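Protein chains in written order, with our numbering: chain A, 1 to 374; chain B, 375 to 529.
Contents: one structure, followed by commentary.
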Amino acid sequence: MARRYPVIPVLSASVIVSIASASVFLFLPMTLAYATATAVAVLGAIAVAAVASRAARSREHELLHHVHRLETDKVRAAELVADAEKTRRHIEMATAMLAEGRDPLVESPELRVGELHDLLEAARTTRESLPVVNRIAVDEAELVGAGPDRLPGTWPRPEDVASDPRARAELLRGLDELIHGLEGCLAPSRGDKESAPRNGDPSGRSPTQLVDAVVQTAADGIEDLAAGLMRASELASVAERVTNRATLLALNAALEATRSGGEAFGAIAEETRQLAEFAREATDTITRLAGEIEIKVGETITAIHATSEDAKAALAVAAGSPAPRTSAVAAEVERLHERALELRAGLALGASRSEPEPPAAKKPRDSARTHGKG
Amino acid sequence: MDTDATDPVKTRGLLAFRIGDVDFGARVEDVAGLVEADRLAPLPGSKGPVAGLVAFRGGIVIALDLAAFLGEPSASGPHRFALVLARGGDRLALVIPSLPRLVPGSLLSGPARHEGADADANALVDSVYDHEGSPIHCLHYWAALDGASGRGAAA
């Protein structure tokens, strides 16, 4: 019997099985890892998609909100445009009325409300109170340099000034006050003794006199002190004389005790010696101190007199030549004063051309002439 | 300088004063008293060291300007004093420029006889006491008065 062993198929099957087993053992971990990674990726994608979806919904909500606000703003803008158009028409109407010399507030009831009403009311008040100043001067040099015969174009016309005596009087009064204030500022630099400030001194003394008085008072006080010290020196001399006599008496007593042979001679002699030394030291100290104080007082008196002379000299120099800044300010004030005078003269001349001034305006005009002469 | 205990006289104390740079003294046993000498009555015809007369306890005493006698600048000014010496019933005033100080005998050492190169000085100095290292010279003041009177008479 032929042994037919299926060697080849068995081997083949074994190989296949081996390969399959090896494949299973080799690729199973890879397969598991792949599956895990795939699951993680899927889960991550799902999470990202969820977050993105939520953000998209939030963004959508914001966009809707903005759209709503834009619609609201559109409505309000339309209202504002309508209001602006209405205001524009009112302004054009008011301007046309003003150009024609009519009062918008009287003829147009619709202009009596709103902000335009306040504006028109303010304009009417201004126009009624200051009808002259309907054009404002913008250049001071133009005003001042023009002179009374050739008024600048921006200056109120004489007929305008003459048309309202109250406004003219107000202007002249204001100019007079300005001129008066400038003259008050210029009085010290001009040497005006009557109107110059007294620097707070009720007695009316000048700074030089004040300094002199203060220094003189101090010098008098120190000289009195010096006189007292001299008397103290005399007292020291008297004290020395008394001390000498006391010591002399003690010495004589000691001599008598010595002749009598008393045992107390030593004690008396010692006490006498101590008394003499004490009195001598005290007297010397007093004399020395008095001398030193006299010297110091003398030096102080000399210094005070020198300071007084220096202060008076400095004040004299200051009075004769003011400081640069002070003189510059004075020059500027002087220039303003002159311009104010010219301005007032021009205003008064323009008023006199139109009509006679009311009695209330004569006084400032006369004052202006007086200032102009000065 | 030799010490001779028999000739110089021990004393209970000295009235010491300074003229120039030298300390002089008078024994308290020889001193009758001290007075101020700011007012001296001038003695007519007197010259040199005789300063004048000074009143002392109801009497008048001749005053000798010791500084002038020793050739030093004479004491002047209001604060002068007269040290009145007594010898029996006689009185002699020495005008000194300042108050003397009383030096007890217990603080003195000596006396010693002064023996120097100058014979006149040796004759004038009676004795020398030592007080704390400084010599105090006691003079023959009565002899000085005699000399001054002789010189004044000669002048």
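All C-beta atoms in this analysis are idealised placements derived from N, C-alpha and C, irrespective of residue type, glycine included.
Bear in mind that the values here come from a model prediction, so they are computed numbers and not experimental data.
Quick check: the Cα distance between residue i and residue j, rounded to an integer number of angstroms?
i      : j      : result
B/D404 : A/E234 : 36 angstroms
A/E299 : A/V215 : 15 angstroms
B/L531 : A/K296 : In the structure as shown, chain B starts at 375 and stops at 529, and residue 531 of chain B therefore has no counterpart that could be examined.
B/A497 : B/A486 : 14 angstroms
A/V132 : A/A169 : Bear in mind that the predicted position of A/V132 carries a pLDDT of just 46, short of 50, making it unreliable; the figure below should be weighed with that in mind. Their Cα atoms are separated by approximately 11 angstroms.
A/L111 : A/E338 : 47 angstroms
A/A257 : A/I293 : 43 angstroms
A/E281 : A/A246 : 15 angstroms
B/V424 : A/E277 : 30 angstroms
A/L251 : A/T272 : 7 angstroms
A/A279 : B/G445 : 31 angstroms
A/A232 : A/A330 : 57 angstroms
A/E177 : A/E332 : 18 angstroms
A/M93  : A/R57  : 53 angstroms
B/S508 : B/S472 : 19 angstroms
A/R88  : A/G114 : 13 angstroms
A/A254 : A/A267 : 9 angstroms
A/S260 : A/I301 : 59 angstroms
A/A311 : A/M230 : 30 angstroms
B/A429 : B/R465 : 11 angstroms
B/D520 : B/D492 : 20 angstroms
A/V75  : A/A47  : 42 angstroms
A/V15  : A/F25  : 15 angstroms
A/A313 : A/D220 : 21 angstroms
B/I434 : A/E223 : 47 angstroms
B/S420 : B/I436 : 11 angstroms
A/A55  : A/L63  : 12 angstroms
A/A78  : A/A122 : 30 angstroms
B/G422 : B/P447 : 12 angstroms
A/L43  : A/T31  : 18 angstroms
A/E100 : A/T72  : 42 angstroms
B/L481 : B/P418 : 42 angstroms
B/R413 : B/G462 : 26 angstroms
A/A82  : A/T95  : 20 angstroms
A/T36  : A/A45  : 14 angstroms
Under 7 angstroms between the Cβ atoms of residue i and residue j?
i      : j      : result
B/L513 : B/V499 : yes
A/L248 : B/L408 : yes
B/L459 : B/Y515 : yes
B/F398 : B/H511 : yes
B/G479 : B/G387 : yes
B/V469 : B/A517 : no
A/I116 : A/H90  : Note on residue identity: the sequence assigns Leu, not Ile, to residue 116 of chain A. Yes, the pair counts as a contact, with Cβ atoms nearer than the cut-off.
A/L172 : A/L336 : no
A/A239 : A/T283 : yes
A/I304 : A/A218 : yes
Tell me which same chain residues have a C-beta within less than 8 angstroms of the C-beta of residue i, skipping the five on either side of it?
i      : result
A/M97  : D103, P104, E107, S108
A/G291 : S233
B/T380 : Its pLDDT being 44, under 50, B/T380 is placed unreliably by the model, and the measurement read from it follows with that caveat. Once the five neighbours on either side are set aside, B/T380 has no close Cβ partner at all.
Residue i bridges to which residues according to DSSP?
i      : result
B/L408 : B/L457
B/R392 : B/D397
B/Y503 : B/I510
B/V469 : B/D439, B/A456
B/L427 : B/A415, B/I436
B/L476 : B/L389
B/A486 : B/V502
B/D464 : B/R461
Between which residues of its own chain and residue i is the CB-CB distance below 7 angstroms, once the five residues before and five after are set aside?
i      : result
B/P416 : G426
B/L389 : G399, A400, V402, V405, L457, P474, L476
A/L225 : V297
A/S18  : none
A/S237 : none
A/T307 : V215
A/A39  : none
A/E429 : No information on residue 429 of chain A is available, as it lies outside the stretch 1 to 374 that chain A covers here.
Which residues in the same chain have their Cβ closer than 6 angstroms to the Cβ of residue i, if we skip the five residues on either side of it in sequence?
i      : result
A/A33  : none
B/D431 : Looking at the sequence itself, residue 431 of chain B is Arg, so the reference to Asp does not match. Closer than 6 angstroms at Cβ, skipping near neighbours: no residue.
A/T285 : none
A/G228 : none
- Task: Pick out the complete alpha helix (DSSP H) segments inside the region 21-52 of chain A, 4 residues or longer, and give them in chain order.
- Result: none
- Name the residues in the region 398-411 of chain B whose C-beta lies less than 9 angstroms from a C-beta of chain C; which are they? Looking at the structure shown, chain C is missing, and the protein chains on hand are A and B.
- Item | Unbroken stretches of the alpha helix (DSSP H), 4 residues or longer, contained in the region 55-120 of chain A | 104-107
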